[in-house]
Amino acid sequence: MTNQQSASPQHQSVTVVGLGPMGLALAGTLLEHGHPTTVWNRTPEKADTLVTKGAHRAETIAEAVYASPVTIMCLKDYETMYAVLGSAGDALRGRVLVNLNSGTPSEAHAAAGWATERGADYLDGAIMVPPPLVGHPESVFLYSGSRDVFDAHRTTLASMGDPRYLGSDPGLSVLYNAALLNMMYATMNGFLHATALVGTANVSAVTFAELALGWFMPSVMDSTLTEQAPDLDSGNYPGDLGTMEMNLNALEHITRTCVEQGVHSDQPRLMQVIAEQAIAEGYSGKNYLAVFEVFKKATRTP
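In terms of our numbering, the sequence shown opens at residue 210 and continues consecutively.
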């Protein structure tokens with residue numbers, strides 16, 4: 210009797226392909242939740258610890274896919290997925306592929322078509338937490354593609370974290386992933402740059418973080434953006450509490466301060482250029498959120 214036949218609906222058998230740090234975390238969590246788990250990796254030894262915990266190590270990718278109704282791919286990119294699954298042959302037919310690598314929306318669309326041509330159902334996904342947080346009920350995993358496939362396997366997906374379905378467009382997960390990571394890096398860079406700036410006066414990162422992260426971010430930034438999100442959808446940027454020109458003035462002061470204090474000034478200088486572009490495009494007198502209209506367009510070439 211195969212894993213697929215012996216597993217209960219609550220403990221569906223699953224295959225995990227790709228055993229980097231994230232793949233190991235996914236497979237380990239599925240095992241802990243009682244799912245019969247098959248694993249495959251191009252370096253078989255990476256599965257040793259999982260095998261001691263009860264995982265089955267497949268010898269070939271075809272065997273791995275055959276072993277379970279659902280195969281979770283956790284690889285570097287889409288090209289790696291094609292390279293790995295290229296020898297799976299008919300094993301893909303009638304199976305579900307859940308792809309959790311990163312890439313672009315066009316790559317996700319191509320992967321969905323590739324899977325359909327081989328008789329497999331397909332969900333694209335994105336993991337929004339680091340490996341140590343896999344399995345926590347509040348850890349968000351994003352999915353897009355067939356709603357029926359998502360609903361049919363939601364219990365299994367929930368073993369890894371909080372499954373959020375974004376829609377039928379398979380490119381939505383990687384689009385959200387890129388957008389959220391873009392915000393993460395921009396926020397991290399903002400904090401790191403600000404910490405470097407106050408550090409020129411021997412202010413420690415710990416001291417600055419108490420004010421910047423303990424109060425300013427949640428009390429000013431988070432609440433302001435949440436309240437004004439509807440204005441982004443409606444294109445409404447009233448300048449009664451602050452105009453683009455006032456914000457440009459602040460950005461100029463920030464840039465000058467960075468130069469004066471001897472820290473990297475490219476980041477505020479870029480924000481200054483973007484505000485200037487917004488004014489040039491007709492958003493004079495509007496509030497700073499009008500730069501949203503600049504961001505919605507492709508970068509201008511010189």
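By construction, the Cβ of each residue, glycine as well, lies at the ideal position given by its N, Cα and C atoms.
Residue i - partner residues in DSSP beta bridges
i, result
"Asn308", "Met282, Asp333"
"Phe504", "Its beta-bridge partners do not exist; DSSP assigns none."
"Leu406", "In the DSSP output, where bridge partners are listed per residue, Leu406 has none listed."
"Gly376", "Ser353"
"Val248", "Val225, Arg266"
"His371", "As written in the sequence, residue 371 is Asp, which differs from the His given in the question. Answer by DSSP bridge pairing, in chain order: Val349."
Neighbour flag for residue i against chain C, beta carbons, 7 Å
i, result
"Asn310", "Note that chain C does not occur in the displayed structure, where there is just one protein chain."
Residue i to residue j span [Cα, whole Å]
i, j, result
"Asn411", "Leu375", "46 Å"
"Leu450", "Asp442", "19 Å"
"Gly471", "Met231", "40 Å"
"His402", "Ala421", "12 Å"
"Glu502", "Met290", "36 Å"
"Gly448", "Met392", "25 Å"
"Thr360", "Ser222", "Looking at the sequence itself, residue 360 is Asp, so the reference to Thr does not match. If I take the Cα positions, the gap works out to 16 Å."
"Ala489", "Met480", "14 Å"
"Lys506", "Tyr492", "15 Å"
"Asn386", "Met337", "7 Å"
"Thr508", "Ile483", "10 Å"
"Leu406", "Trp424", "18 Å"
"Gly229", "Glu254", "12 Å"
"Val383", "Ala317", "7 Å"
"Glu251", "Tyr497", "Residue identity differs from the one stated: residue 251 is Arg in this sequence, not Glu. Each residue's alpha carbon lies about 50 Å from the other."
"Ala499", "Ala487", "7 Å"
"Thr325", "Tyr331", "7 Å"
"Arg363", "Val349", "13 Å"
"Ser432", "Met397", "18 Å"
"Ala438", "Leu240", "41 Å"
"Tyr394", "Met430", "16 Å"
"Ser377", "His473", "43 Å"
"Cys467", "Phe400", "14 Å"
"Leu460", "Ser315", "36 Å"
"Glu272", "Asp440", "53 Å"
"Ala292", "Phe504", "36 Å"
"His462", "Pro427", "24 Å"
"Arg465", "Pro278", "60 Å"
"Glu436", "Arg478", "27 Å"
"Leu434", "Pro340", "29 Å"
"Asp288", "Glu419", "Note that residue 288 is Glu in the sequence shown here, rather than Asp. In a straight line, the C-alpha of Glu288 is about 44 Å away from that of Glu419."
Cβ-based neighbour list, residue i, same chain, cut-off 6 Å, excluding 5 preceding and 5 following
i, result
"Thr409", "Gln470"
"Asp299", "none"
"Tyr446", "Lys495, Asn496, Leu498, Ala499"
"Thr404", "Ala414, Phe417"
"Ala297", "Ile270, Ala271, Val274"
"Leu457", "Ala484"
"Tyr246", "Inspection of the sequence shows that residue 246 is occupied by Thr rather than by Tyr. Closer than 6 Å at the Cβ level, and outside the excluded window around Thr246, lie Val223, Ala236, Leu239, Leu240, Ala264."
"His242", "Ser368"
"Glu454", "none"
"Leu306", "Thr280, Ala324, Ala329, Tyr331"
"Thr452", "Gly494"
Residues of its chain near residue i, where Cβ-Cβ distance is below 7 Å and the 5 sequence neighbours each way are ignored
i, result
"Glu347", "Asp371"
"Leu389", "Met337"
"Arg266", "Val248, Pro253, Ala256, Val260"
"Pro379", "Ala317, His318, Ala321, Tyr331, Asp333, Ser353, Gly354"
"Gln476", "Asn398, His402"
"Arg381", "For the sequence presented, residue 381 should be read as Leu rather than Arg. For Leu381, where only same-chain residues beyond five positions count, the Cβ hits under 7 Å are Ser353, Leu375."
Cβ-Cβ separation, residue j to residue i (assumed contact under 8 Å), whole Å
i, j, result
"Arg304", "Ala329", "5 Å"
"Thr238", "Gly344", "4 Å"
"Arg373", "Leu351", "5 Å"
"Ala264", "Ala236", "6 Å"
"Val358", "Thr280", "13 Å between Cβ atoms; not a contact."
Spatial neighbours of residue i in its chain, beta-carbon cut-off 8 Å, leaving aside the 5 residues before and after
i, result
"Leu301", "Val274, Leu294, Ala324, Arg327, Gly328, Ala329"
"Gln244", "First, the amino acid is wrong: residue 244 is His here, not Gln. Result list for His244: Ala216, His220, Gln221, Ser222, Val223, Thr365, Ser368, in chain order."
"Ala444", "Residue identity differs from the one stated: residue 444 is Gly in this sequence, not Ala. Within the same chain, Gly444 has close Cβ partners Glu502."
Check whether the segment 281-296 and the segment 254-263 are in contact - that is, three or more C-beta pairs closer than 8 Å. no
Cβ pair count under 8 Å reaching 3, the segment 303-316 against the segment 326-336: yes
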